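There are 2 protein chains.
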Amino acid sequence: MADANKHVYHFGEKRTDGAATQEMRELLGGKGANLAEMCRIGLPVPPGFTITTAVCTYFVDHKGAYPNGVEEQVKESLDLMEQESGKTFGDPNNPMLVSVRSGARDSMPGMMDTILNLGLNDTTVEGLAKLTGNDRFAWDSYRRFFQMYGDVVLGVQPESEDDHEPFEVVLSGLKKEVGVTLDTDLTTANLKELVKRYKSLVKEKTGRDFPVDPMEQLWGAVAAVFGSWNNERAFIYRRKYNIPHSWGTAVNVQSMVFGNMGNDSGTGVAFTRDPASGEKVFYGEYLINAQGEDVVAGVRTPKPIAELEKDMPVAFKELMDVRETLEQRFRDMQDFEFTIERNKLYMLQTRNGKRTGLAAVRIAVELVEEGLLDWKQAVAKVPPDSLEHVLAPIFNFNALAQAETDKRLIAKGLPAGPGAATGKVVFNAARAEELSRKGERVLLVRIETSPEDLRGMLAADGILTARGGVSSHAALVARQMGKVCVCGCQELVIDYEKRTISVGDTVIKDGEYLSIEGTTGRVFAGQIETAPSEVIQVLVDKSLKAEDSAIYRQFATVMEWADKARTMNVRTNADQPDQVANAMAFGAEGIGLCRTEHMFFGGDRIVAVREMILADDLTGREKALEKLLPYQREDFTAIFETLNGLPATIRALDPPLHEFLPHQAHEIKEVADQLGISVEEIEEKVESLHEANPMLGHRGCRLGIAYPEVTAMQARAIFEAACDVAAKGIPVHPEIMIPLVGTRKELSLQKDIVDSTAKQVFAEKGRTVEYQVGTMIEIPRAALTADEIAEDAEFFSFGTNDLTQTTLGISRDDAGKFLTLYQELDIYGQDPFASIDQTGVGQLMEIGVTKGRTTRPDLKIGICGEHGGEPKSVEFCHRLGLNYVSCSPFRVPVARLAAAQAALKG
Amino acid sequence: MADANKHVYHFGEKRTDGAATQEMRELLGGKGANLAEMCRIGLPVPPGFTITTAVCTYFVDHKGAYPNGVEEQVKESLDLMEQESGKTFGDPNNPMLVSVRSGARDSMPGMMDTILNLGLNDTTVEGLAKLTGNDRFAWDSYRRFFQMYGDVVLGVQPESEDDHEPFEVVLSGLKKEVGVTLDTDLTTANLKELVKRYKSLVKEKTGRDFPVDPMEQLWGAVAAVFGSWNNERAFIYRRKYNIPHSWGTAVNVQSMVFGNMGNDSGTGVAFTRDPASGEKVFYGEYLINAQGEDVVAGVRTPKPIAELEKDMPVAFKELMDVRETLEQRFRDMQDFEFTIERNKLYMLQTRNGKRTGLAAVRIAVELVEEGLLDWKQAVAKVPPDSLEHVLAPIFNFNALAQAETDKRLIAKGLPAGPGAATGKVVFNAARAEELSRKGERVLLVRIETSPEDLRGMLAADGILTARGGVSSHAALVARQMGKVCVCGCQELVIDYEKRTISVGDTVIKDGEYLSIEGTTGRVFAGQIETAPSEVIQVLVDKSLKAEDSAIYRQFATVMEWADKARTMNVRTNADQPDQVANAMAFGAEGIGLCRTEHMFFGGDRIVAVREMILADDLTGREKALEKLLPYQREDFTAIFETLNGLPATIRALDPPLHEFLPHQAHEIKEVADQLGISVEEIEEKVESLHEANPMLGHRGCRLGIAYPEVTAMQARAIFEAACDVAAKGIPVHPEIMIPLVGTRKELSLQKDIVDSTAKQVFAEKGRTVEYQVGTMIEIPRAALTADEIAEDAEFFSFGTNDLTQTTLGISRDDAGKFLTLYQELDIYGQDPFASIDQTGVGQLMEIGVTKGRTTRPDLKIGICGEHGGEPKSVEFCHRLGLNYVSCSPFRVPVARLAAAQAALKG
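Which chain is which? The protein sequence lines are V and R, in order. Every position in the first sequence, counted from 1, becomes a number in my numbering once 824 is added. Every position in the second sequence, counted from 1, becomes a number in my numbering once 824 is added.
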C-alpha cells in the first residue's frame, strides 16, 4: 500500500517515487505512472512530479482544501526539479518553466488538459528570450500562456453563448489595427502590446491583476485541474462510461524543454510499430526547431521519422534504443512524444498505441513470438471486434482517399455489416438477381427489407436501407450472410416507383454506381475499388493457401489461443448448408439458430407455403404441407450432413403468416394465377392476417398451437432427415426449439406434437436418433416463469432481440425514429439492440438462468439473439454461466475471442 | 381435529356425526356436511352416511384399496339406517333402497353424480312394487337403475365416439318392436322384457352377471365415485380452477324416499328468498306424485310453491318452518330439495342459493337488518361484479324472452361494457352524431375503434366491434363512458363502403335496428326494449330520489360498509368533467388517470394538434401549441373545479402522433384545405409516421423527449389552471404522470421540464400549488429498475394494460386471433387483459413495488390499467400493498367492494 501521507510523487534522474504498477496507475493516473516508469528504466525525462488522485478526491470533498503536507511536498519536489534542470522557478535570468497537465487513469474529455510555459511573467519572459535567443518566441509563448491561463484558470470566458472569446476579441482588434490577418504576422512589439491589453482585460473581467508569482500561478493551475474533475462534461462522460466519480484525476507538473532552440532541436511523435499494419517498423514523424503543438497544428509538414537519422544521427540512435526499451518494459506497442533540446532527447509521454484490427492481431502474435508476452496476455490484448476488420473486404486505400477528395460522400447511416462494397443501385430482389446473373456487382437499396428480399440480398454485394437499426432485418441477415450493409440511412429519400435515391440535390438512378462502407456507415456516390480479406480467401474462397498468408496465420494463432482459454461454446445462426460450412470454417461448434422459415422462400417452396396459408381447412393445409415436407427434409438432410455430428438447434416456424403472402397488386395477381384462385381471395386473406402490432401478434408457437399440423410437418422433416443421415453413419443431434413461449403449457403442447412425431418416424424408419426439445426465452414472462418452463424444456436459448423489444417496449423496426436521440441524450449508454442492456434485459436473463436451473440443474442455456456476437454481451453471457453463444457466421471468431477474454478475466 | 380412524359419518334422527363446520366441510364435502347439519337442527332428513374425502385420497393413492375399518363402519351405519327407516337393505318384502352421490367441497363437473334406487334386484323390485302399489314405477326404476349402474359403474359404454349408448340401442330396439315412440308408453311387461335384455347386454359386454347383491352394488358405486375423482374432465376442471388434487370427494349414501307414492306424495325445489330480486318471499316449485327427476325433466309443468298450501297444508306449514330454520342456521339464502312421502316431509339437500347481482345486494342488506349477519360478513358475501348488474341498464325481461323465442340472436362477441342497448346501426362517428341529434338511439358498429371514433361513441347508446378484446380501445372507452359494448364479434363481416353487417345470410343495413347485451356479449336483430337502473337514476340522472328507491338504498348501504372495511383508495380513469362528476357520485376519491390526449379531439383542438404535428420546425410547433394551450387550460380548470380538492393524476401525451392525423383520402383532403397545405404534405407525414409496431414505437415519454415543447405546454396548462382554481379557494392536487418510462433518465428529463415550467408559472401567477411528478410502470424494464426510477418518481402507477402486452408479448389489438383458442386450451386460465396475470405480470409488479419502496419507503403506488376495476386484480393489488386502484367510473363501486373484501380477508 502507498503511504497515505505521501501526496506528491517526484520523477527525475535523481529520484523517482512512482512506477507503472496497477496501484500506482490508480494513484498517479496513466500519464504520471508512465512518466515515473520511464525515469525508472533510465529514459531521459524532464524532471517533475505528480500530485495524486487521492488529493483530488480530498480537494473535491473539502471544497478546494488540500490535505496537510501537500504544499511542503510540492516545494520539495520543485527544489529537486531545479537541481536537475539547473534552472530556477521564477529566476529572471534562467527561469524554469513548467507544464501542468491533468492525468486521470485514462484520458477523459471535458477535463482541463494542459497549460504550458507556466512560470512566465514580465521578467522571466526576458530570461526565456535570452535562453532561446528568440524574442518573438518568448513573447508569443507568454501571450499564449496568458490566454490559456486567463481562460481556464481565471475564468475569463464569454458571458453568453453568442459572445466571442474575450482574448480572441482583443487579438482580432489588434490584428485589425496593425493590418495583419495571420497570428504569425504579429511582430514582437505587437505581442508585447497584446500582453499589455490582456492584462487590462483580466483586470477588468476579474477585478484582479494576472498573477505574476510563479508559485501562485502553479497553485491556481493545480486547483483548476482538480476543479475540472467535477465540471459537467467530465461528469457526463464518467456517467456514460461508468467511471466512478471517486476515482479523481492526478496533476502532472513537469519542467519544460524546448524543441525550438534551433536546428539542433526538434520534437515528434512516434509508434514503436506501424499502428496500421502492425509491422515491426519504427513509425512516426518530427519537426526540426519546433514545439509539440506545431506537429499537431499542421502549419509545417512533419518529416517521416526515418529521416531523423540523417538530421540528428545521435538523437535518432538514442530514440531507437528508447523504442526497444519501451517495448521491453511495457510489453506492447507504444505511442510516445519526444522533444530534442539542443541535441538532447527528452521523453514527454508514452502510452499503449491505438491500432487497426489487422495491427492488433499481428502485434499480439509477434509479441508472443518475441517472448514479450505469453499467449494468455496476448489473447487479452486483441479487441474482439478487430477480427471483423481482418475478415472484411475493404476499399482500396488510394481509391477511398480519392473519393474523399472528390467529395463523393453523400450520406451516413448505421454501420450494420462490416466491410466495403461498390455496385450498381437496384431497388428490388428481381433486378438484383437479374444484374447479378449478368456478372454485375449490385447494391440492393430498400426503404427497409423483409424476408421477400432475401434472394435479392443474396445476389447483392451490399445492402443499403433508409430505415431500421443495426439489428433490423436487413442488418441481421446481412451479417449472417457476411454482406456489407449500411442501414437506417435516414437522409436518403427512396422512390420505388421512379427508382431513384435523392439526398438533397443529388439523385441516383437505378443502375448507377454507389459505394458503401459498412464499417463506418458511409455512403459514396460512384465506384470505389475494393479488396477481399486474405482470411476469407483462405478459409472460404480457398483461393489462397494458409502458408501464403501471414495475416491468416496470425489470425489462426489468435483463434487457437482463444479456443484454449474459453469455456463457452460458440455456435452460429445459419440456415443454408453453405452458410453452415462457412461458419464451421470460422470455428462454429454447431448451429444455435436455424430459422426454418428462411428455407420457405427458395424455389417452389413459397408456392406450397402460400397454398397452405390460403387453404380453407385442415385438409387443404395438410395437402400443401405434404408438398412442403420433401423440401424441408432435403434442407435438413444437407444441413445435418454438413454439420457432421455437430448439434443443430432448429426453430419451428416463427414469423407471422402474412410475411409469406404477396402485398403488391401485381404480385398478388401473379400468385392468384399460380394457385388458380381469385385475387379477391388473396386480398381477403392478406386483410384478415393484417395486425396492428405483428411483433406481438399471431406468430411463434402461437402458430404451431393454432396449426399443430405445421409443427408436425416440420418435426417430421427433421426426424426423417436425421434418420436418413444417421443411416449413412453420420451422427446427428437435432435440438428442436419452440419460439415465443410465455407459459409452460405452450411448450408442452408443442413438445407433445414433436415427441409423437418422433415416435412415428422412428417406427417407420426402424431407427432412433437422440434429440432434445427446448424453447426460446424471448418474452419477459418466459424468463419470469423459467422454473415452470424448465419442467418441459431440455434447453433454453435467449432470444435477446425480442426480449429486448419487449422488456424495453421498443420495436426495433421503429426505434430509428428516436433511438439516435436517445443515445445522444445518454438515455441508453449504447444501442440496446447491439449490446445487451444488462441492467434491464440482463436482470431478466439472470432470473431465467437461476429459475431454469433451480428446476433442472444441468439445463443447457445459450443465446441466439444478435447480441451473441457482441463482445460485451458475450462476456455478460459468460458471467451468467451460459453454455454457449450463437451468432452470425462472420461473428463466430469475434465471439470465440470474446468468450476467451471473459474466461481469462474470471 | 377429526378422529383419523373415523371414515364414515352417520346422519339421521338417532345419531349425527358430522356438522357444517369448515373442518367437516373439508372431510364430508358440502352436501354431506349440510345433510348432517340439517339433522342436527332437527330437520327431517332420510338417514344415511358420508364416507370421507380422506378415504377418497387413500383410495386414489392405494390403487382402489380402503383404509381399515371402512367396511365395518359402513355396515354399522347401514344398520342404523335400517332401524330408522324401518326397512331392510335387500329385504324382498320391505327393501331399503339408497341413493349414492358424490360430494366434493363444491360441486364439480366431470365427477360421477348420482345413482338412485340402489339395492334393487329381481326380488326387491317386487317389494318396491308392493310398497308403492305401482308395478310399473317399480320396474321403470329398476331398468333406470340398471342402465345408470351399467353405464357408470360397470362401464358398459359405446366402444367408439360414433357408436350409440348400448342401453339406448336395446331400449330403441324394443320400442320399435312393440311399436311405441315414448318411454312412458312402455308397459310393465315391456319393462320386464327390457330388464331381461339389459342383463344379457351386461353379461355380453362385461363377461359377468349384473350384481344382484345390494352390498356388492353399493361398494361398486362407492368405488366408481372415488374413481371418478381422477377422470380426465374432473382433472382438467381442477387444474383450471386451482383445486388441489389432494382434496378428494366424499360419497353420500342415503335411504331413498319416494314422492310418487300417490297424491299424498310429491317433490320440489325451493329458495328461501327470490333469487332474482332478493325479496324475502318463499320461491320454488313442486310436483304432486312425482320424483325429483320429473321436476327437472320438464315433462310435467311444476306448480308454484305457494299452491302447496292448498294441496298439502301440513307439509306446507312444515316447509315454511324449514325455510326459517335453514336461514337461521346457514345465515344465507338457501336453495333446497325436498320430497314428501305419504304426507311426510323429507329434506334431501340444501346449499347457498345462486342469485342475481340485484338479489345479492338486497339479501346481504336484509340479512344484516334481520340480525342474521354483521356488516363485515354481509360485505364479504356480495360478489363485487354484482354491482355492475345493479348499475347496468337492462333489457326488459319479456321483450328479451320474446327475442329469444323469435330466434333473433344472430351472433356472440365478448362482453365488454355491461348493460343492454338497442338502436339503429351506424358505421361512423358523424352519422352517429347526426342520428343522435335527431333523438334516435344508435349503435355504433366498427371493425375496431380508434380515438377518432370518440365523438361517435359518446353519441351512441352502444358500441359493437368485430375486432379487439375486452381491453381493446372500444371496450376501454365504453366502460369509462359507461356505454354498453360488445366487442371482438368475429362472426360479423362489416363493410364500411356498403354500410352493411353480414352474419351468414343475415344482412343488416345502416339505419336498421340491432340490440346488444354487454353483460353476455349477445347480439340480436331488431329492437328490444330496455330499462335504466334505479341507482343510475338516483346518482347520475337525479331523476329519482334516494328515498324512492329501495335498490339504491341497499346499494348505498353495501358501499358504506365497503368503505368502512377497505384500506386502499379508489380513483377513476376519467378525462371529462362530467365523467369525473359521475365517478365521484360513484365514490371515486380522485382521478388515477386523466388521458390528456382524449381532450385533443374536442372541437377546434384537433386542428391545432394537426397543425403541430405537420409543422416543419420548433417555431411552427410552438405556434400550434400556443393555440392548444388555452383549450387544455380550460379542460384542466373544469376538472380541478369538479374534483374540489381531490387529487388528479394527469398523464402527459401518450399515443403515437399518427393517431391524430386523418388516414382516409377525403379526410386528408378536408384537413389539407383546413390547414392550407397540400394533400401530399399530409400524406408524406402520415407515411413518415407509419410504424411497424406502433405499440412499441414513438409514443409515451419518447414524444415528450423528442418534442419537449409539448410537455412544457401541457405542464403550463396544468399549472395555470391549478393556480387559477386555487385562487378561487378551491384546493388542487395535480400529479403529473410521465408515460412509458423505461429508464430513470427519461423521467428525469421530463421532470426537469415540468419543474421548470411550474417555477415559471408560479412566478407569473404569484402563487404556488403543491404537485407531484411520477411515472407509469408499464414496461418490464421500468419494474426491473424501479429502484433507480424511484429516485426521481414521487409516485408510481402500474399501467397494467401495456405491462401485460409487453410482459406476455401479446398485442391486445391482435390477441383476438388466438386468445380464444388459448383460453380453450387452458394456456391462460383467464383473459390476462381482463384479470392480472399474477404469475407473470404480477411478479414484475411485486419487483416494482419492492424496489420502488427500497429507494422511497413512502412511495405512493397505484394502478390505472383496466385491471384496476376487476375484483381478483384489486385483491392482488391490496396484497401487494398498493395505495389505490383506479378504474373507469362505472367500475368504481365494484373496486370499492373488492378492496373491502380484500382487506377483510387479510
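All C-beta atoms in this analysis are idealised placements derived from N, C-alpha and C, irrespective of residue type, glycine included. Every value quoted in this text rests on a predicted model; they were computed, and no experiment measured them.
Item: Interface residues of chain V facing F1642(R) [CB-CB closer than 8 Å]; Value: H1522, R1526, I1529, A1530
Item: Cα-Cα separation, V1433(R) to D1626(R); Value: 25 Å
Item: Neighbourhood of R929(R) by C-beta distance below 7 Å, restricted to the same chain and skipping five residues each side; Value: R849, E850, G853, G854, W1071
Item: Per DSSP, the bridge partner or partners of M1600(R); Value: S1621(R)
Item: Closer than 8 Å to chain V by CB, I1601(R); Value: no
Item: For F1082(V): DSSP bridge partner residues; Value: Its beta-bridge partners do not exist; DSSP assigns none.
Item: Cα-Cα separation, L1268(R) to S1274(R); Value: 12 Å
Item: Proximal residues to A1130(R) (C-beta, below 8 Å), its chain only, five neighbours per side dropped; Value: F1106
Item: Inter-residue spacing [alpha-carbon to alpha-carbon] between E1421(R) and L1513(R); Value: 17 Å
Item: Proximal residues of chain V, C-beta to C-beta of G1566(R) below 8 Å; Value: L1632, G1633, I1634, G1664
Item: C-alpha distance - D946(V) paired with D937(V), whole-angstrom precision; Value: 25 Å
Item: With 16 other Cβ atoms within 10 Å as the buried cut-off, status of T1678(V); Value: exposed
Item: E1507(V) at chain R interface by Cβ criterion, 8 Å; Value: no
Item: Secondary structure, beta strand (DSSP E): runs of 3+ residues fully inside the stretch 1272 to 1339 of chain R; Value: 1286 to 1289, 1308 to 1311, 1317 to 1319, 1324 to 1327, 1330 to 1333
Item: 8 Å CB neighbourhood of A1409(V) in its chain, flanking five on each side removed; Value: L1363, V1364
Item: Reference I1554(R), options L1467(R), I1271(R), F1082(R), D1230(R), closest by Cα; Value: L1467(R)
Item: Interface partners of E1570(V) on chain R, CB under 8 Å; Value: I1651
Item: Range of the contiguous beta strand (DSSP E) that encloses V884(R); Value: Not the beta strand (DSSP E): V884(R) falls in the alpha helix (DSSP H), residues 877 to 885.
Item: Assumed close pair I1164(V), S1089(V) - CB separation to whole angstroms, cut-off 8 Å; Value: 5 Å
Item: Cα-Cα separation between D962(R) and R1032(R), rounded to whole angstroms; Value: According to the sequence shown, residue 962(R) is Ala rather than Asp. Rounded to the nearest angstrom, the two C-alpha atoms are 24 Å apart.
Item: Helix, strand or coil at G853(R) [DSSP, three-state]; Value: helix
Item: C-beta atoms of R1568(V) and I1601(V) nearer than 8 Å; Value: no
Item: Opposing strand residues paired with N1176(R) [DSSP bridges]; Value: Q1158(R)
Item: Interfacial residues, the stretch 1594 to 1620 of chain V to chain R, with Cβ spacing under 7 Å; Value: I1603, P1604, R1605, L1608, T1609
Item: Range of the contiguous beta strand (DSSP E) that encloses M1561(R); Value: 1557 to 1562
Item: Runs of alpha helix (DSSP H) lying entirely within the stretch 1643 to 1726 of chain R, each at least 4 residues, in chain order; Value: 1665 to 1679, 1695 to 1704
Item: Neighbourhood of M972(R) by C-beta, 6 Å cutoff - its chain only, sequence neighbours within 5 removed; Value: I939
Item: Residues that D1638(V) contacts on chain R, provided the C-beta gap is smaller than 8 Å; Value: E1515, A1516, N1517, P1518, L1520, G1521, H1522
Item: DSSP state of V1269(R) mapped onto helix, strand, coil; Value: strand
Item: One or two residues paired with K1134(R) in a DSSP bridge; Value: DSSP lists no partner for K1134(R).
Item: Inter-residue CB distance, F1050(R) and F883(R) (contact presumed, cutoff 8 Å); Value: 4 Å
Item: Buried or exposed by the 16-neighbour rule on C-beta atoms within 10 Å, applied to D1638(V); Value: buried
Item: Presumed contact (8 Å Cβ cut-off) between A1283(V) and A1240(V), rounded CB distance; Value: That pair is no contact at about 18 Å.
Item: Test item: CB-CB of G1414(R) and A1472(R) under 8 Å; Value: yes
Item: When E1594(V), M1305(V), G997(V), T1535(V) are compared against Q1456(V), the one with the closest alpha-carbon; Value: T1535(V)
Item: Listed by chain order, chain V residues near L1645(R) by CB distance under 9 Å; Value: R1526, I1529, A1530
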